[in-house]
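In the working numbering, the protein residues as written are 4 to 210. Heads up, the beta-carbon is just placed ideally off N, CA and C, and yes, glycines get one too. Here the structure is a predicted model, which means the values were calculated and not measured.
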């Protein structure tokens with residue numbers, strides 16, 4: 004999918020090594036979700052495809068419904084932007100997105116945020132329990148605005164160990180990070196995500 008095209012290959016390999024079957028789909032072009040127990044939305048360029056993503060009402064509705072039914076969603080950077088209420092592009096035009104998190108992802112012409120990060124979970128989420136640490140990187144021009152309140156699940160520090168900021172928008176089983184995590188830095192990440200997927204599968208069988 005050209006809108007969400009950044010995934011560390013090792014992340015997918017680690018998920019598969021833990022027993023996952025990776026099924027690819029396109030939020031840009033597909034109308035329905037595949038029959039899955041976990042959504043992983045990687046980074047990319049949703050701002051360049053915001054108009055088309057906004058037009059795909061059926062996919063946006065399907066993802067909202069997946070979350071409403073307790074489906075776990077893990078989204079990084081561009082994937083997180085897609086889960087916001089809207090993306091505001093460089094011309095100031097607002098494009099409706101999935102709406103699982105309040106507020107807008109606003110594109111900027113300057114103010115690049117870039118660097119290696121260490122992330123620590125502070126609130127239980129799909130990545131695991133408080134205290135779990137993993138490494139990755141951050142690279143984006145967007146920022147989050149016009150949100151009345153957001154709950155965060157993680158803290159990040161930079162490569163020098165300085166406290167950087169909160170990260171990890173949290174809503175139930177949905178987590179959105181600006182940080183692109185490398186699962187090889189913390190193998191528990193893949194295990195935790197798949198544990199959420201398996202719980203979802205058991206829950207569906209019991210319904």
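Rounded C-alpha distance that separates residue i from residue j
i: residue 19; j: residue 25; result: 7 Å
i: residue 3; j: residue 60; result: Because the chain is modelled from 4 through 210, residue 3 falls outside the range shown and cannot be assessed.
i: residue 144; j: residue 186; result: 24 Å
i: residue 161; j: residue 141; result: 10 Å
i: residue 163; j: residue 76; result: 30 Å
i: residue 96; j: residue 68; result: 26 Å
i: residue 113; j: residue 204; result: 43 Å
i: residue 159; j: residue 169; result: 6 Å
i: residue 80; j: residue 34; result: 22 Å
i: residue 201; j: residue 94; result: 43 Å
i: residue 192; j: residue 39; result: 18 Å
i: residue 147; j: residue 72; result: 26 Å
i: residue 52; j: residue 136; result: 33 Å
i: residue 23; j: residue 190; result: 14 Å
i: residue 150; j: residue 85; result: 15 Å
i: residue 17; j: residue 11; result: 10 Å
i: residue 173; j: residue 27; result: 24 Å
i: residue 154; j: residue 62; result: 25 Å
Beta carbon of residue i nearer than 9 Å to that of residue j
i: residue 91; j: residue 78; result: no
i: residue 175; j: residue 70; result: yes
i: residue 31; j: residue 7; result: yes
i: residue 126; j: residue 89; result: no
i: residue 21; j: residue 165; result: no
i: residue 180; j: residue 100; result: no
i: residue 105; j: residue 29; result: no
i: residue 87; j: residue 50; result: no
i: residue 131; j: residue 182; result: no
i: residue 116; j: residue 171; result: no
i: residue 129; j: residue 184; result: no
CA nearest to the CA of residue i, picked from the options
i: residue 44; options: 123, 144, 14; result: 14
i: residue 167; options: 122, 154, 177; result: 122
i: residue 36; options: 52, 169, 64, 46; result: 64
i: residue 57; options: 72, 124, 98; result: 98
i: residue 198; options: 172, 47, 162, 74; result: 74
i: residue 47; options: 169, 67, 5; result: 5
i: residue 66; options: 95, 80, 103; result: 103
i: residue 188; options: 38, 119, 9; result: 119
**OP:** Please specify which runs of the alpha helix (DSSP H), each continuous and at least 4 residues long, are wholly inside the segment 36-60, giving them in chain order.
**Re:** 53-58
Subject >> Start-end ranges of the beta strand (DSSP E) lying completely within the segment 164-204, minimum 3 residues >> reply: 166-174, 177-180
Original post:
Can you list, in chain order, the stretches of the beta strand (DSSP E) that have 3 or more residues and sit fully within the segment 57-142?
Top reply: 76-79, 87-91, 97-99, 104-109, 116-124
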